[in-house]
Amino acid sequence: MSTKRDTAYNLLGAALPVAVSLATVPAYLHAIGEVRFGILAIVWLFLGYFGLFDLGLGMATSHHLAATSNDADEERAQLVWSALITNSAIGMLGGLILWPIATYYFTHVMKTDPAMRLEMTTAVPWLALGVPLVTITGVLGGALQGLNRFGKLNMFSAGGTLLFQILPLLAALLVSPKLTVVLPVALLARVLTLLLLWFEVRRVVLSGHRASYSRQRMVSMLKFGGWVTLSSLFSPLMSGIDRFAIGAGISAGAVSYFSVPYSLSDRSTIIANSLGSAIFPKLSALRGDDLLHQSVRFERLLMVIMLPIIVVGIFAIGPFLTLWVGRDFASFSAAVGQILMVGAWFDSMSRIPLYALRAQSRPELVAKVDLVQVVPYWVVLYCALTFFGLVGVAAAYVFRVAMNYVLLEFELGTLRRSGVMLAICSLVLGFALALSRSTTAFSLRWTVALVGCLAISTILGLYGTPVDLRNGLLSRIGWRTRA
2 MSTKRDTAYN LLGAALPVAV SLATVPAYLH AIGEVRFGIL AIVWLFLGYF GLFDLGLGMA
62 TSHHLAATSN DADEERAQLV WSALITNSAI GMLGGLILWP IATYYFTHVM KTDPAMRLEM
122 TTAVPWLALG VPLVTITGVL GGALQGLNRF GKLNMFSAGG TLLFQILPLL AALLVSPKLT
182 VVLPVALLAR VLTLLLLWFE VRRVVLSGHR ASYSRQRMVS MLKFGGWVTL SSLFSPLMSG
242 IDRFAIGAGI SAGAVSYFSV PYSLSDRSTI IANSLGSAIF PKLSALRGDD LLHQSVRFER
302 LLMVIMLPII VVGIFAIGPF LTLWVGRDFA SFSAAVGQIL MVGAWFDSMS RIPLYALRAQ
362 SRPELVAKVD LVQVVPYWVV LYCALTFFGL VGVAAAYVFR VAMNYVLLEF ELGTLRRSGV
422 MLAICSLVLG FALALSRSTT AFSLRWTVAL VGCLAISTIL GLYGTPVDLR NGLLSRIGWR
482 TRA
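In our numbering, the protein residues as written are 2 to 484.
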């Protein structure tokens, strides 16, 4: 197993869809309009939230396969079959539950015109069909992750994501921009991805083993997955509630002004996600101090990579939005994007303690961290939206992800080791945000501020990196430091 190789696979698998997304978002805004784009963002939030009916079995499948690598092939096949059978049934139940809830939201809660409301409620059955697709795909992807098949997993996932972004756009341009056309075509792309994953899992795990179900294995997996599910229950109540609140409190169109810069800032977390996904099976095989030691090393490595990237993102997101989606759109979303970039740093850093806690077989701690955040975040979000609009919602997001990172570090037992660096990095990010907001893009002051903040963040990141990793990085450019 190679962390570098697996992380590289994950990065490649995530980077290609990001590039296509950057190209297609302006086309989507032109083809279906800002209102439909905002509604579509809410649709994917619904689908992501009801992915909780996965019951955490995707993560549990990965964890159990990685932790039981010496088990007989038949036993591992039974584990995967059990998860697939369970998630197929639960996914269909989740779709039936989603149907009336989504109908009520689009009919009575979201602010939009009657014609658009009717269009969306007509498309809701297609949304309900997406839930079992998500739950089954989660188990198949988890199986390949647990088997360290990151190359195939990312190849199929990236290909499916490309189809998911391109096919609905083509349907909107060539057939109709209505959601009753766009949504079914998007789900077709999901089906194609599921089939690719299924044939690979069948080849490497299930081939030669008949379908079987083990109640004992499911009890063990559900005990692990149940806490993941509880975390999945509360996490979307925070990560997606902002856009639901914007749609209900401002308008469907305003969701677009938040969702577009959010998608950019969220894309910056692909490095953290790729690293976290790659190290999870490895951390699952470790215990005690060895696991904590490796977690700290990976976190500090991620810090040296992410801090300069986020600083550049803070300065560049405004000009990029202007070039990407137009000056008028950027005038509403640039400030939102700058604040969201700060949150992306905290969100990225939180992935290491998140994966480490789950690798410790302590997913209940992650669930408890999510649970204690819900009420404070809702209060902050309500006040921020009421008094400061979209910018306030972005600031509330930073509050949430920073709180999440600190709590995860505390539960893992590594907060004391990273507390000083966390405080210093927070000051650097705040300083970069203030300078980017007070200077005109591409002016001399803006350029000097960018270069200065980038230099500080790079030096700070290197200083916080473990000596052996720092020497490895610096030796590539002919430098060396002492222990």
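In this text, a Cβ means the ideal position worked out from N, Cα and C, and glycines have one as well. No experiment lies behind these values; they were computed from the predicted model shown.
- Runs of the alpha helix (DSSP H) spanning 4 or more residues and lying entirely within the region 227 to 314 occur at 242 to 250, 253 to 268, 271 to 285, in chain order.
- When the five nearest sequence neighbours on each side are left out, the beta carbons in the same chain lying within less than 6 Å of the beta carbon of E35 are those of G254, S257, in order along the chain.
- Within the same chain, and ignoring the five residues on either side of G462 in sequence, the residues whose Cβ sits closer than 6 Å to its Cβ are M304, V305, L308.
- In this structure, the beta-carbon distance from P178 to W127 does not fall below 8 Å.
- Short of 8 Å from the beta carbon of T181, and not among the five residues preceding or following it, lie these beta carbons of its own chain, in chain order: E120, T123, A124, W127.
- In the structure shown, the three-state DSSP call for H210 is coil.
- By the Cβ criterion, the region 326 to 346 is in contact with the region 391 to 398, since at least three pairs of Cβ atoms, one from each stretch, lie closer than 8 Å.
- The Cβ-Cβ distance between N88 and L58 falls below 8 Å.
- Looking at Q79, V261, V183, the one whose alpha-carbon comes closest to that of Y214 is Q79.
- Burial is judged here by how many other beta carbons sit within 10 angstroms of a residue's own beta carbon; I98 has fewer than 16 and is exposed.
- Taking a contact as a CB-CB distance under 8 Å, the pair L386 and A246 counts as one, their CB atoms being some 6 Å apart.
- L48 sits away from V110, with the two beta carbons spaced by 8 Å or more.
- Here the alpha carbon of G277 sits roughly 35 Å from the alpha carbon of G327.
- Listed in chain order, the beta strand (DSSP E) runs fully inside the region 354 to 432 amount to none, counting runs of at least 3 residues.
- Contact between I340 and L434 holds: their C-beta atoms lie close to 7 Å from each other, under 8 Å.
- Counting along the chain, M156 sits inside the alpha helix (DSSP H) bounded by residues 151 to 175.
- Cα atoms of L302 and W379: separation of roughly 33 Å, rounded to the nearest angstrom.
- In the DSSP assignment, V125 falls within the unbroken alpha helix (DSSP H) covering 115 to 147.
- Secondary structure of A67 (DSSP, three-state): helix.
- When the alpha-carbon of L293 is set against those of L322, A357, A42, the nearest one is in A357.
- Counting the other CB atoms within 10 Å of its CB gives A116 a total below 16, which places it among the exposed residues.
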